[in-house]
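Enquirer:
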Amino acid sequence: MMIASLVTAQAEPIHYLPIATTAIAAAFFAVLVRRYLATQSGPHLLWWAGGIFAYGLGTALEATITVAGNSLALTKAWYIAGALLGGYPLAQGTVYLLLPRRTAHVLTAITVPYLLVMAVLVLLSPVNIEALLPHKPSGSILGWTWVRAMTPLLNGYAALFLIGGAIYSAVKYARKTGGGNRALGNSLIAFGALLPGVGGGMAKAGIVEALYLGEFVGLIFIWAGYAACVRVPAEVPAAAVEPI
Numbered sequence: 051m052m053i054a055s056l057v058t059a060q061a062e063p064i065h066y067l068p069i070a071t072t073a074i075a076a077a078f079f080a081v082l083v084r085r086y087l088a089t090q091s092g093p094h095l096l097w098w099a100g101g102i103f104a105y106g107l108g109t110a111l112e113a114t115i116t117v118a119g120n121s122l123a124l125t126k127a128w129y130i131a132g133a134l135l136g137g138y139p140l141a142q143g144t145v146y147l148l149l150p151r152r153t154a155h156v157l158t159a160i161t162v163p164y165l166l167v168m169a170v171l172v173l174l175s176p177v178n179i180e181a182l183l184p185h186k187p188s189g190s191i192l193g194w195t196w197v198r199a200m201t202p203l204l205n206g207y208a209a210l211f212l213i214g215g216a217i218y219s220a221v222k223y224a225r226k227t228g229g230g231n232r233a234l235g236n237s238l239i240a241f242g243a244l245l246p247g248v249g250g251g252m253a254k255a256g257i258v259e260a261l262y263l264g265e266f267v268g269l270i271f272i273w274a275g276y277a278a279c280v281r282v283p284a285e286v287p288a289a290a291v292e293p294i
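Residues in the sequence shown are numbered from 51 upward in steps of one, following this note's numbering.
(1) Would you mind stating whether A141 and L238 have Cβ atoms separated by less than 7 Å?
(2) Given that a residue counts as buried once 16 or more other Cβ atoms are within 10 Å of its Cβ, and exposed if not, what is A288?
(3) By the 10 Å Cβ neighbour count, where 16 or more other Cβ atoms means buried, how is P246 classified, buried or exposed?
(4) Looking at A131: is its Cβ nearer than 7 Å to the Cβ of A104?
(5) Buried or exposed: where does S91 fall if 16 or more other Cβ atoms within 10 Å of its Cβ makes it buried?
(6) For T58, count neighbouring Cβ atoms within 10 angstroms of its own Cβ and tell me buried if that reaches 16, exposed if not.
(7) With a cut-off of 8 Å, do at least 3 Cβ pairs link the segment 197 to 209 to the segment 153 to 165?
(8) Just checking, does the segment 60 to 72 make contact with the segment 265 to 277 on the three C-beta pairs under 8 Å criterion?
(9) Taking the straight line between their C-alpha atoms, what separation do you get for L87 and A80?
(10) Closest to Y262 by CA distance: which of P187, G230, Y276, A278 is it?
(11) Are L82 and L95 close, meaning C-beta to C-beta below 7 Å?
(12) Using a Cβ-based criterion (distance less than 6 Å to any ligand heavy atom), does T227 qualify as near the ligand COA?
(13) Suppose the cutoff is 6 Å on Cβ atoms and the five residues either side in sequence are ignored; what does the same chain contact list for R281 look like?
(14) For H185 and Y276, I'd like the C-alpha separation in whole angstroms.
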C-alpha cells in the first residue's frame, strides 16, 4: 500500500524548484573553482566551492525525489547533504578567511570528525517507513531521534561563522573607505544564508516547500553578495584590496 501511494502521488509545481537551484549551484561552483585556480588566494575559496557543491548536491537530491519518487536511501543521502553539511563548508571557508590559520585548522580537526560520525549514524539509523513521503524528504524517517537532536550543534556552528562572519565583515567594511561593495556583499550573503535555515526550520514542521524556496532565493543572494565582494571600485587601487 505504501509503495503504491509513492508511485501514484503527484508532486506540486514548487517541488521542481530544486532543479533550478541545482543549476545555479553548478554555475556558482564553477565560478569559485575558476577564481581559486586564477588567484590561489587561500583555502577559504576551496571550502566555499565545497560548500556550494554540497548545497547543489542537496538540491539535486530534492529534485531527484520530485522527479523519480522518494526512497529511504535518497532521504538519508539528502539528510547528510542538507541537514548535516548544509552551510558547514561555507562556514568553514569563512573560518579560514577571518581567523588565524592555526585556529582554523584546530576547528576543522574538531568539527570534521563530528560530521563524519553523524553521517555514519544517519546511515546506520533504523527507519520509520511510515514517515516516508512520496515527493518530500524528511528527517523524521530516522528511527534514532537523538541523531536529529545532535544535528543543531553542527548547524549552530555553521550559522555562527557563516551568518555571523558575514555580518562582522559587513560592519568592518562599512567603516572602511572604499569598502562599500564588500559591506553590501557581506550583508547579502548574511541574508541569503539565513533563508535556507528558516526554510529548514519550517521543513521540520512538514512545510518542505518553504525550504525549497529558501534555498533558491538564498543561493541567489549569496552569489550576488559574493559578486559584490569581488568587484573592485574603480577609485580603489587593486593593491589595496584584500584578497577574497
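For each residue, glycine too, the CB sits at the ideal point set by N, CA and C. Only a predicted model underlies this, so the values are computations on that prediction, with no experimental measurement involved.
Expert: By the coordinates alone:
(1) no
(2) A caution first: A288 carries a pLDDT of 40, below 50, which makes its placement in the model unreliable, though a value can still be read off. So A288 ends up on the exposed side.
(3) buried
(4) yes
(5) By the neighbour-count criterion, in which a residue is buried when 16 or more other Cβ atoms sit within 10 angstroms of its Cβ, S91 is exposed.
(6) Reliability of the predicted coordinates at T58 is poor, the pLDDT of 41 falling under 50, and the value obtained from them is presented with this limitation in mind. The residue in question, T58, is exposed, as its Cβ has fewer than 16 Cβ neighbours within 10 Å.
(7) yes
(8) yes
(9) 11 Å
(10) P187
(11) Contact flag set, yes.
(12) For the structure depicted, the ligand COA is absent and the ligand set is empty, with no information on it obtainable.
(13) N231
(14) 32 Å
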